[in-house]
Amino acid sequence: MTITPATHAISINPATGEQLSVLPWAGVDDIENALQLAAAGFRDWRETNIDYRAEKLRDIGKALRARSEEMAQMITREMGKPINQARAEVAKSANLCDWYAEHGPAMLKAEPTLVENQQAVIEYRPLGTILAIMPWNFPLWQVMRGAVPIILAGNGYLLKHAPNVMGCAQLVAQVFKDAGIPQGVYGWLNADNDGVSQMIKDSRIAAVTVTGSVRAGAAIGAQAGAALKKCVLELGGSDPFIVLNDADLELAVKAAVAGRYQNTGQVCAAAKRFIIEEGIASAFTERFVAAAAALKMGDPRDED
Numbered sequence: 001m002t003i004t005p006a007t008h009a010i011s012i013n014p015a016t017g018e019q020l021s022v023l024p025w026a027g028v029d030d031i032e033n034a035l036q037l038a039a040a041g042f043r044d045w046r047e048t049n050i051d052y053r054a055e056k057l058r059d060i061g062k063a064l065r066a067r068s069e070e071m072a073q074m075i076t077r078e079m080g081k082p083i084n085q086a087r088a089e090v091a092k093s094a095n096l097c098d099w100y101a102e103h104g105p106a107m108l109k110a111e112p113t114l115v116e117n118q119q120a121v122i123e124y125r126p127l128g129t130i131l132a133i134m135p136w137n138f139p140l141w142q143v144m145r146g147a148v149p150i151i152l153a154g155n156g157y158l159l160k161h162a163p164n165v166m167g168c169a170q171l172v173a174q175v176f177k178d179a180g181i182p183q184g185v186y187g188w189l190n191a192d193n194d195g196v197s198q199m200i201k202d203s204r205i206a207a208v209t210v211t212g213s214v215r216a217g218a219a220i221g222a223q224a225g226a227a228l229k230k231c232v233l234e235l236g237g238s239d240p241f242i243v244l245n246d247a248d249l250e251l252a253v254k255a256a257v258a259g260r261y262q263n264t265g266q267v268c269a270a271a272k273r274f275i276i277e278e279g280i281a282s283a284f285t286e287r288f289v290a291a292a293a294a295l296k297m298g299d300p301r302d303e304d
C-alpha cells in the first residue's frame, strides 16, 4: 500500500526529518466502535458522584507526572518545541488536574435561587460525549485543558488530535488508562475530515470543541450548527504588540521576542503585529532584530 497523507497520518520529527509513526485514518467501522464505547462510557460515568470524579483527576495528575519525561520527549520529537518548554507543558497539565480536583466540585455545586418568588435550584448536569478537535502546538495542554473539566462535569471526551502528533495522542490516552479512567469516558481516534463530519452528525456526540485556524473553526462551526449542537471555538488571531515612547525599551524588547518566538512561534496569542510609536521605533527595531538573531537554532532536545 502506498502511504500518503490522504491515507495515513504521518508524524515526522521537524528537527531531523525522521519519520516517527504512520497511522491509517479511521474508517467508518472504527468511528462507529469509538462512538459505541463513548456512549456506554458516558452512561455509567454520569452516574458517578463529583467527589469520585475529582479523585480520578488527582489520579490523572499522578499518572502524568509518572510519565512526565516520556511525555516531554514525545512532544519535542513530534512538534519541535524546546525540551524545557515541553517539560513545562507537562507540569502545567498535571497541576491543572490538581486545581480542578480541589476547586471543581464547588463550581458544579447546585445553586438555590428564586424564580417568580418561588424556590428553585440551578443544577449542572452532564451533556454527553464532547468531540474535541485539537491542534499540535500544545499537544498535551490543549487536550488536558478541555478534557479535565469536561470529565469532572460527568461528560465523556472523544479526541480527534492533529495528525502529526499521533504519538502524543497515544501517550495521553495511556495516561488516562493508567489513572483508571473507564474505557469510553476518554477516547481518541485518528479521523480525517470525513470522519469528523460523521461524528458531528451522530446523536451520540452532544457537543464539539475546536482549537485551530479560523478556516477550520468556520467549517466545524457550520457543521455543528446544522446539527443543532453546542460548539466552542478557540481560533487564531492577529494579536498586536504595542510599544509607546515612554516604554522601558529593554523590557519591551525582551517581552516582544518572547511573545513572538515562544513555543517556536506557534501560539494562538503570540505577538503577530508590532505597533511601535514613532519616537522609539528605530531603537526598538534595532534591538529586536539583534535579540531575535541571537536566538539559538538547533536540536530542540538540547537542554540550553
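So in the UniProt record's numbering, the last one in the sequence shown is 304, and the numbering has no gaps at all. Note that the Cβ used here is the ideal one computed from N, Cα and C, for glycine as well. Everything numeric in this text was worked out from a predicted model, so none of it was measured.
Assuming contact is defined by CB atoms lying nearer than 8 angstroms, are residue i and residue j in contact in what I supplied?
i      : j      : result
Val172 : Val208 : no
Ala191 : Met199 : yes
Leu152 : Gly104 : yes
Met134 : Leu23  : no
Val243 : Ile276 : yes
Leu235 : Gly212 : yes
Ala271 : Asp248 : no
Glu89  : Leu20  : no
Leu189 : Asp44  : no
Asn155 : Phe42  : yes
Glu123 : Ala106 : no
Ile50  : Leu114 : no
With DSSP collapsed to three states, give me the class of residue i.
i      : result
Ser11  : strand
Arg53  : helix
Gly298 : coil
Pro126 : coil
Thr2   : coil
Trp188 : strand
Arg21  : The question names Arg, but residue 21 is Ser in the sequence shown. Note: Ser21 maps to strand in three-state DSSP.
Ile31  : helix
Lys62  : helix
Gln266 : coil
Ala219 : helix
Ile181 : coil
Gly41  : helix
Pro82  : coil
Please work out which residues of its chain come closer than 7 angstroms, Cβ to Cβ, to residue i, disregarding the five sequence neighbours upstream and downstream, and give them in chain order.
i      : result
Arg301 : Thr76 and Ile83
Asp202 : Leu35
Leu37  : Gln183, Gly184 and Gly187
Gly217 : Val210, Leu233 and Leu235
Strictly by DSSP, which residues pair up with residue i?
i      : result
Cys231 : Val208
Asp239 : Ala271
Pro112 : Val121
Leu159 : Ala132 and Trp188
Ile276 : Val243
Nearest by alpha-carbon distance to residue i: which of the options is it?
i      : options                          : result
Val257 : Arg58, Gly154 and Ala294         : Ala294
Asn13  : Lys201, Gly61, Arg215 and Gly80  : Gly80
Val148 : Cys231, Glu18, Ala132 and Trp136 : Ala132
Asn33  : Gln174, Leu158 and Ala106        : Leu158
Arg46  : Ala94, Ala6, Asn117 and Pro182   : Pro182
Gln262 : Cys231, Phe284 and Lys296        : Lys296
Ala15  : Arg87, Phe284, Thr285 and Thr264 : Thr264
Asp246 : Ala281, Asn49 and Thr4           : Ala281
Ala179 : Ile10, Gln73, Asn117 and Tyr52   : Tyr52
Val28  : Gly128, Asp194, Arg125 and Thr7  : Asp194
Ala40  : Glu116, Gly128 and Ala269        : Gly128
Can you name, in chain order, every residue of its own chain whose Cβ lies under 6 angstroms from the Cβ of residue i, other than the five neighbours on each side?
i      : result
Pro112 : Val121
Ala101 : Ala54, Leu57 and Arg58
Ala94  : Gly61, Leu64 and Arg65
Arg87  : Ala72
Ile10  : Val22
Among residues of its own chain, excluding the 5 on either side of residue i, which ones have a beta-carbon nearer than 8 angstroms to its beta-carbon?
i      : result
Glu303 : Ile83 and Asn84
Val175 : Ile60, Ala63, Leu64, Arg67 and Met71
Glu286 : none
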